[in-house]
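One structure below.
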């Protein structure tokens, strides 16, 4: 009796532990994602341990990370452009330093490097330097630029994604967000009508025999791994698009959308077929008994009845397309530019994470930025899931 | 012109292997009410659904012989099922209004028939609701959802919906079985009134109901039409022992 | 009679509509067979006994894909060892023990949401936590845990849905006979719904075996010339192998046949598992009848 009780307690303990592990894991994932991603907005876009400095007499006291990037790219060449005097900007980094001073002056172990920097900066009013913090002397006469942390505005509205640019990395995710929407939108425009039509056909028109073939085939379509879709897209679809539209490259938003549409089809078909089938027979019978044709009954009674289920299918399809990684990574060309046409390469958020995470050093800015992208994906799917849940619970009422 | 509005001649119906109706002979005259009675699964609803071919929806259904409406075999190849169903209105066991407004429910048959004339539709809707004795209760809320009505009102709405397309025959499949006694008596009164303009066949489980509303009663048992006669005769002096046993409540 | 005359427009519309629907639907099925057929036709010539049992040679341009097959099997096995029990037990606990409350709702919506989170996000998390923070490195362990986390919500949901199909009257009947809650679950509830749970588990195997994004940074490596001998080893994996061969192979022309072969093997595995799930479903259904 007691042994039985102990076993019972023990088993229930296991069940409880499992669900606790799950709950903790889930919360942990969410917190971890957000913590890592949000910390991006506490760092500046200059790599940690490095600083930019100006001559103390230079009236410019602040630069945005965009301006810094343009200066070092050579797109801004005069201080006037960033609110200073009419002087040419002179870049001063390790290369210029070793050109300007002899090894003797810098010291055998570079121990006199800071004084060289001090010397050069104090003599040249138009200089901007970029060095490891250790290369600046303790009592530095120049003006060390304090870079502000990356702002939400820069992140969400920035149009440039150069996560590894030196000295100032650019984390504008607008092209990635738009790229994702761009590819997803077209994919859904293709997949929704086709999926809906197939669902209607399967639920209303097809004979039981045809349906018994279709059903497992659609499930199969859902089971094929995304990397295989990507592979198929790359070897068949991409060359076809390239030839058809006479493009320099076939890796385009269009290719991504078509592959995504095929991948979203099973979700859309299955969910909307279920919704259509859930229409009570009595509704259909009522319509038919009033002399409506089968098609009219589908149009005026069945589809309106199933519309929230179809809406759920649409949302789930979009959700699947937004998060899809491998296939999109393989066929869209991955250019992080604002999308203009469907015949140009674009880059989506998941593809960016997949392509760049391997190169991003752990805990660095770039790494955090990819986590921030992960948060965006998480939030998007969270919203979609909540919408579907809402529709479901409304239907149950 | 045929003598009978609705007929079945040597009619057999099979669900795959199972024979649900066995060699049915049946006639109903114009402007009469016929009640179909019998235990569950005896085939009475199946026969009812054979007159407007609602059985077509069930896979594996096969028929032999004829069911005739206005003298035409409805299973004939030249028959257009949609047009047939416009002639033969049907009311179901459970009220099944569409999740649309009251007005749109009644207008539905007209709209799918391709009628666009707003005035005509309005007139028809009002007229049908009046015939179904529902007009006074809903005239102020025609735009409201039909689902907001009570069960009895919903069923009368379904009757109005069936009347809108001006059928000459009404098939009713246990129209009051899901309703409370008061709603039931309203429906029964309504059915009795409708006799003037329609030929009505009503399937019912409730023998008092059959006795109250019908002119003739047909008793079904295990797929056979055992007996069809004046309602009075069936209830007071049935020819068949099986009919008598059923009516007196020996089985059911 | 009036109903003998056909209403042309209405019939024509229906014929047109349904005809179009049939065409579109068959095209959808056609697309699937196109993809499958293409990979089978191109992949079949590459398949041989050696291809399945040998190491890759000459910078992937020759030899077999044995380590990738073994790697995928390891990852599947590893993730399932973790996710099966935790998922099924959690599902049972949530459905049978937790009372209706905000907490249950929270747990439900959490697992539901997690089930919809893109797999790359799991990869991101797995890399940061398992590979870096916990210092498992790129390994079978890290990859399995990441994949396991990914299918965990799916398994929980499958379990819960299966449990929900059991009518409450069954449970009450069992309690009425003096059975404890656990006995009721074990002897009454689970025997009724385990077919659905098993089918769900098999399907999650199919999903795990094809996933690439979660293992990109947690387990998979481009090339390794030996089979793994510990859970801290990196592995090759079929989906990753296919990805690498197609996008960054050393010699695209020469690796193409191997890519087709790999795709075929991958599809064959996934389809086989799917088929297994289907026949399991059918088997259980027949048994229940």
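Protein chains in written order, with this note's numbering: chain X, 238 to 634; chain B, 12 to 263; chain R, 1297 to 1585. In this text, a Cβ means the ideal position worked out from N, Cα and C, and glycines have one as well. Keep in mind the model is a prediction, meaning the values are calculated, not measured.
For residue i, the residue or residues it bridges with in DSSP
i	result
residue 38/B	18/B
residue 101/B	182/B
residue 561/X	Residue 561/X is not bridged to any residue.
residue 74/B	24/B
residue 398/X	408/X
residue 381/X	290/X
residue 238/B	230/B
residue 325/X	315/X
residue 214/B	47/B, 184/B
residue 30/B	25/B
residue 112/B	156/B
residue 474/X	Answer by DSSP bridge pairing: none, since residue 474/X is not bridged.
residue 281/X	386/X
Whole-angstrom distance between residue j and residue i, CA atom to CA atom
i	j	result
residue 1374/R	residue 1440/R	5 Å
residue 1423/R	residue 1431/R	10 Å
residue 1283/R	residue 462/X	Not covered by the structure: residue 1283/R. The range shown for chain R is 1297 to 1585.
residue 486/X	residue 581/X	8 Å
residue 215/B	residue 43/B	16 Å
residue 231/B	residue 242/B	14 Å
residue 78/B	residue 72/B	15 Å
residue 1488/R	residue 497/X	38 Å
residue 303/X	residue 293/X	22 Å
residue 475/X	residue 1569/R	30 Å
residue 160/B	residue 1383/R	46 Å
residue 484/X	residue 286/X	45 Å
residue 1526/R	residue 1367/R	11 Å
residue 1328/R	residue 458/X	6 Å
residue 263/X	residue 1407/R	8 Å
residue 1562/R	residue 1571/R	14 Å
residue 1297/R	residue 56/B	In this predicted model, residue 1297/R has a pLDDT of only 47, less than 50, meaning its place in the structure is not dependable; the value taken from the coordinates is given anyway. Those two C-alpha atoms are separated by around 25 Å.
residue 1455/R	residue 255/X	13 Å
residue 343/X	residue 366/X	17 Å
residue 92/B	residue 503/X	35 Å
residue 478/X	residue 551/X	27 Å
residue 13/B	residue 184/B	Here residue 13/B scores only 49 on pLDDT, less than 50, and its place in the model should not be relied on; the value that follows carries that caveat. Cα-Cα distance, rounded: 25 Å.
residue 182/B	residue 99/B	7 Å
N- and C-terminal bounds of the alpha helix (DSSP H) containing residue i
i	result
residue 1486/R	1486-1506
residue 1428/R	Residue 1428/R -> no alpha helix (DSSP H), and no H or E assigned at all.
residue 200/B	192-205
residue 246/B	242-247
residue 1524/R	Residue 1524/R -> no alpha helix (DSSP H), and no H or E assigned at all.
residue 166/B	162-174
residue 587/X	586-593
Residue span of the beta strand (DSSP E) that contains residue i, given as start and end
i	result
residue 288/X	287-291
residue 131/B	Note, residue 131/B: premise wrong, no beta strand (DSSP E); alpha helix (DSSP H) at 129-142.
residue 46/B	44-48
residue 1463/R	Here residue 1463/R belongs to no beta strand (DSSP E), and DSSP marks it neither H nor E.
residue 369/X	364-369
Supposed close pair residue i, residue j - CB separation, criterion 8 Å
i	j	result
residue 1436/R	residue 1500/R	Not really, about 18 Å apart at Cβ, beyond 8 Å.
residue 155/B	residue 76/B	With 8 Å as the limit, residue 155/B and residue 76/B do not qualify as a contact, their Cβ atoms being about 46 Å apart.
residue 379/X	residue 359/X	7 Å
residue 493/X	residue 565/X	5 Å
residue 276/X	residue 631/X	Rounded, the Cβ-Cβ distance is 38 Å, inconsistent with contact.
residue 153/B	residue 168/B	At roughly 11 Å, the Cβ-Cβ gap does not stay under 8 Å, so residue 153/B and residue 168/B are not in contact.
Cβ-based contacts, 7 Å cut-off: residues of the segment 105-134 of chain B near chain X: Listed by position along the chain: 105, 107, 109, 110, 119, 120, 123, 124.
If you measure beta-carbon to beta-carbon, which residues of the segment 175-194 of chain B are closer than 7 Å to chain X? Taking 7 Å as the Cβ-Cβ cut-off against chain X, the residues of the segment 175-194 of chain B that qualify are 176.
Contact residues within the segment 1410-1429 of chain R, judged by C-beta distance below 7 Å to chain X: If the cut-off is 7 Å between Cβ atoms, the segment 1410-1429 of chain R has 1410, 1412, 1413, 1414, 1415, 1416, 1417, 1420, 1421, 1423, 1424, 1425, 1428 near chain X.
Using a Cβ-Cβ cut-off of less than 9 Å, give me the residues of the segment 434-447 of chain X that come near chain B, in sequence order. The segment 434-447 of chain X vs chain B, Cβ under 9 Å: 444, 445.
Determine which residues of the segment 536-566 of chain X have a Cβ less than 9 Å from any Cβ of chain R, and write them out in chain order. Cβ contacts with chain R: 536, 553, 556, 557, 559, 560, 561, 562, 563, 566.
Please identify, using Cβ separations under 8 Å, the residues of the segment 521-533 of chain X that lie next to chain R, in order along the chain. 530, 531, 532, 533: these are the residues of the segment 521-533 of chain X whose beta carbon lies less than 8 Å from some beta carbon of chain R, given in chain order.
When you check each C-beta in the segment 1506-1523 of chain R against every C-beta of chain X, which residues fall closer than 9 Å? Hits within the stretch, in order: 1506, 1507, 1508, 1509, 1512, 1513.
Near-chain R residues of the segment 411-425 of chain X (beta-carbon distance less than 7 Å), N- to C-terminal order: Considering only beta carbons, no part of the segment 411-425 of chain X lies closer than 7 Å to chain R.
Along the segment 1369-1395 of chain R, what residues have a CB closer than 9 Å to any CB found in chain X? The residues in question are 1381, 1382, 1383, 1384, 1385, 1386, 1387, 1388, 1389, 1390, 1392, 1393, 1394.
Got a sec: which bits of the segment 1445-1459 of chain R sit with their beta carbon under 9 Å from any beta carbon on chain X, in order along the chain? Within the segment 1445-1459 of chain R, the residues whose Cβ lies closer than 9 Å to some Cβ of chain X are 1445, 1448, 1449, 1452, listed in chain order.
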